[in-house]
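Colleague:
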Amino acid sequence: MDFVFDYISVNTFWTILSIVHALLAVALLGALTHQAAAVFAPPRAGNTGGFVTHFRSVSGPRYATAVCVLWVLTFILGGWIYAKYRIYVRIPIEQEGFFKTLGAFELKEHLTTIGLGLLPFYWHLWKNARNAATDRARKWLTVVLAAICWYAFLTGHVVNNTRGFGL
Amino acid sequence: MNTSNQTATPPSSRFGTFALVFGICFAILYVVCDMAALPMFTYHPGTDRIDPGFARARPDEGPAMYWYGWIASAALGASILGGLAALLPENIRSKIPLALAWIVPVVLLPVLIYSLKFYWRWE
Numbered sequence: 001m002d003f004v005f006d007y008i009s010v011n012t013f014w015t016i017l018s019i020v021h022a023l024l025a026v027a028l029l030g031a032l033t034h035q036a037a038a039v040f041a042p043p044r045a046g047n048t049g050g051f052v053t054h055f056r057s058v059s060g061p062r063y064a065t066a067v068c069v070l071w072v073l074t075f076i077l078g079g080w081i082y083a084k085y086r087i088y089v090r091i092p093i094e095q096e097g098f099f100k101t102l103g104a105f106e107l108k109e110h111l112t113t114i115g116l117g118l119l120p121f122y123w124h125l126w127k128n129a130r131n132a133a134t135d136r137a138r139k140w141l142t143v144v145l146a147a148i149c150w151y152a153f154l155t156g157h158v159v160n161n162t163r164g165f166g167l
Numbered sequence: 001m002n003t004s005n006q007t008a009t010p011p012s013s014r015f016g017t018f019a020l021v022f023g024i025c026f027a028i029l030y031v032v033c034d035m036a037a038l039p040m041f042t043y044h045p046g047t048d049r050i051d052p053g054f055a056r057a058r059p060d061e062g063p064a065m066y067w068y069g070w071i072a073s074a075a076l077g078a079s080i081l082g083g084l085a086a087l088l089p090e091n092i093r094s095k096i097p098l099a100l101a102w103i104v105p106v107v108l109l110p111v112l113i114y115s116l117k118f119y120w121r122w123e
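Taken in sequence, the protein lines are chains Z and R. Position 106 of the first sequence, counting from 1, maps to 106 under our numbering, and the rest follow consecutively. Position 21 of the second sequence, counting from 1, maps to 21 under our numbering, and the rest follow consecutively.
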C-alpha cells in the first residue's frame with residue numbers, strides 16, 4: 001500500500017478510509033432500518049398513507065443481500081482502521097480520561113462482530129421469506145441487527161467527534 | 001398465532017442449520033474468547049508483529065490487539081460446530097429453536113457490558 005503515499009499523505013489516506021467506512025455505514029443503516037420497519041410494523045393493506053407508510057413498505061427480501069454485503073464491507077474497513085485507532089485514537093482518549101466513550105466503542109466492536117456471525121442465518125431467513133414458519137425469527141433477528149447497527153453508528157459518530165480527523 | 005411452530009420449525013436445508021448454529025456458537029464463543037483471553041493470535045499494531053495465541057504487549061512496542069484473534073478463534077469453533085450440526089439427521093436438526101438466533105445476542109449483551117466494567121467509571 002505504500003505507493004499510495006506517493007500521492008496522498010498518510011493522514012489523508014486514513015481520513016478517506018474513515019469517510020468511506022462512515023458512508024457504507026450510512027447505507028447499511030438506511031437499508032436495515034427500512035427492512036426492520038417493514039418487518040416490525042408492516043403497512044396495513046389498502047393504506048396508501050404518507051411518508052411513514054412508504055418508509056415501511058419496502059420489500060424486505062430485496063434488501064437482504066445488500067445488507068450482508070454492506071455489513072461485511074463496513075466491518076472490513078472498520079477492522080482495518082481499528083489498528084490505527086488503537087494507537088492514534090484510543091491512547092489519546094485514554095489520556096483524556098474519557099473511559100465511558102472507550103467502553104461504548106469496545107461494546108460496538110463486540111456487537112458488530114456478533115452481528116457479522118449472524119449474517120449467514122439472516123440471509124438464509126430472508127432468502128426463504130415465503131416460509132411463514134420462520135417469520136418470527138426473521139422479524140426479531142432483523143430488529144436485533146438494526147439495533148446493533150444504530151448503536152454502532154451513533155457510537156462511531158461520538159468517538160469521531162471526541163478525537164476527530166487529521167490525527 | 002402458533003408460536004411453538006415458529007420457534008421449533010427447522011431451517012429448510014443443511015445450510016440453514018449450519019448458519020443457525022454458526023451464528024449462535026460464534027456469538028457465544030466470541031464472548032468466551034474475550035472474557036477468557038483466548039485469541040488465536042495477537043496483533044501488535046505498533047510493530048506489525050503477530051504472535052500465536054495470547055501475548056502481552058511488550059515494553060516500548062505499543063499496545064497488543066486481541067480482537068482479530070478472538071474473531072478467528074470464534075469463527076473456527078463455530079464453523080466446526082455448525083458443520084457438525086448440519087450433518088445431524090433432520091429429526092434432530094428440526095429441534096434447534098430458530099429464536100436462539102436473536103435471543104442469544106440479547107442475552108449476551110449484559111454479559112458484554114459487565115465484561116467492560118473497567119470503562120464504566122463515574123469520575
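From the three backbone atoms N, C-alpha and C, an ideal C-beta is built for every residue, glycine too. In this text, all values refer to a predicted model and were calculated from it rather than measured experimentally.
Give me the chain Z residues within the contact set of Val106 (chain R), using Cβ-Cβ distance strictly less than 8 angstroms, ordered along the chain.
Modeller: Val144
Colleague: Considering only C-alpha positions, which residue in the set R:Pro97, R:Ala57, R:Pro63 is nearest to Phe121 (chain Z)?
Modeller: R:Pro97
Colleague: Just the Cα atoms here: how many angstroms apart are Thr106 (chain Z) and Gly164 (chain Z)?
Modeller: First, the residue type needs correcting, since residue 106 (chain Z) is Glu and not Thr in the sequence shown. Between Glu106 (chain Z) and Gly164 (chain Z), the C-alpha separation is close to 18 angstroms.
Colleague: Apart from the five residues on each side of it in sequence, which residues of its chain come closer than 8 angstroms, Cβ to Cβ, to Leu29 (chain R)?
Modeller: Correct list, in chain order: Ser73, Ala74, Gly77, Ala78.
Colleague: Using alpha carbons as the reference points, say which of R:Pro39, R:Ile71, R:Met35 lies closest to Ile114 (chain Z).
Modeller: R:Ile71
Colleague: Report yes or no: is there a C-beta of chain Z within less than 9 angstroms of the C-beta of Pro39 (chain R)?
Modeller: no
Colleague: So, at 6 angstroms on beta carbons, what are the nonlocal neighbours of Ala36 (chain Z) in its own chain, with the 5 sequence-adjacent residues on each side left out?
Modeller: Thr142, Val143, Ala146
Colleague: Is the stretch 72–85 of chain Z touching the stretch 12–29 of chain R in the sense that three or more CB pairs, one from each, lie closer than 8 angstroms?
Modeller: no
Colleague: Check whether the stretch 18–38 of chain R touches the stretch 55–72 of chain R, counting contact only when three or more Cβ pairs, one atom from each stretch, lie closer than 8 angstroms.
Modeller: yes
Colleague: Considering only residues of the same chain and omitting the five flanking positions on each side of Thr7 (chain R), which have a CB-CB separation below 8 angstroms?
Modeller: At Thr7 (chain R), the pLDDT of 46 sits below 50, so the modelled position is not reliable and the matter cannot be decided from this model.
Colleague: Name the chain R residues that come within less than 7 angstroms of Arg86 (chain Z), Cβ to Cβ?
Modeller: Pro45, Pro63, Met65
Colleague: Tell me, please, which residues DSSP counts as bridged to His54 (chain Z).
Modeller: His54 (chain Z) is not bridged to any residue.
Colleague: Could you check what DSSP says for Asp51 (chain R) in three-state terms: helix, strand or coil?
Modeller: strand
Colleague: Using alpha carbons as the reference points, say which of Z:Arg130, Z:His157, Z:Thr162, Z:Ser9 lies closest to Glu94 (chain Z).
Modeller: Looking at the Cα atoms, Z:Thr162 is the closest of the given residues.
Colleague: Along the chain, which unbroken stretches of the beta strand (DSSP E) at least 3 residues long are found entirely within the stretch 44–113 of chain Z?
Modeller: List check, beta strand (DSSP E) in window: nothing returned.
Colleague: For the alpha helix (DSSP H) that Phe5 (chain Z) lies in, which residues bound it at each end?
Modeller: Taken as a continuous stretch (DSSP letters only), Phe5 (chain Z) belongs to no alpha helix (DSSP H), as it is neither H nor E.
Colleague: Does DSSP classify Asn5 (chain R) as helix, strand or coil?
Modeller: Because the pLDDT at Asn5 (chain R) is just 43, under 50, the model does not fix this residue reliably, and the point stays unresolved.
Colleague: Just the chain R side, please: which residues come within less than 8 angstroms of Ala83 (chain Z) by C-beta, in chain order?
Modeller: Tyr43, Pro45, Met65
Colleague: Classify Lys139 (chain Z) as buried or exposed, calling it buried when 16 or more other Cβ atoms lie within 10 Å of its own Cβ.
Modeller: buried
Colleague: Which of the residues in the stretch 115–127 of chain Z, read from start to end, lie with their CB under 9 angstroms from any CB of chain R?
Modeller: Contact annotation: in the stretch 115–127 of chain Z, residues whose CB is within less than 9 angstroms of a CB in chain R are Gly115, Leu116, Gly117, Leu118, Leu119, Pro120, Phe121, Tyr122, Trp123, His124, Leu125.
Colleague: Please check if any C-beta of chain Z sits within less than 9 angstroms of the C-beta of Ser73 (chain R).
Modeller: no
Colleague: Taking any Cβ of chain R, which residues in the stretch 103–115 of chain Z have a Cβ under 7 angstroms from it, in chain order?
Modeller: Gly103, Glu106, Leu107, Glu109, His110, Thr113, Ile114
Colleague: By the three-class DSSP mapping on this structure, what secondary structure does Tyr66 (chain R) have?
Modeller: In the structure shown, Tyr66 (chain R) sits in coil (DSSP, three-state: anything other than H, G, I, E or B).
Colleague: What residue range does the alpha helix (DSSP H) around Tyr114 (chain R) cover?
Modeller: Per DSSP, Tyr114 (chain R) belongs to the alpha helix (DSSP H) from 100–115.
Colleague: Do you know how far the Cα of Ala132 (chain Z) is from the Cα of Thr42 (chain R)?
Modeller: 44 angstroms
Colleague: Quick one: measure Cβ to Cβ for Cys25 (chain R) and Gly82 (chain R), integer angstroms, because I've assumed they're closer than 8 angstroms.
Modeller: 7 angstroms
Colleague: Please report the distance separating the alpha-carbon of Asp34 (chain R) from that of Thr53 (chain Z).
Modeller: Rounded to whole angstroms, the gap between the alpha carbons of Asp34 (chain R) and Thr53 (chain Z) is 42 angstroms.
Colleague: Report the partner residues of Tyr30 (chain R) according to the DSSP bridge assignment.
Modeller: Bridge pairing for Tyr30 (chain R): absent [DSSP].
Colleague: Just list the residues that DSSP pairs Thr42 (chain R) with in beta bridges.
Modeller: R:Asp51
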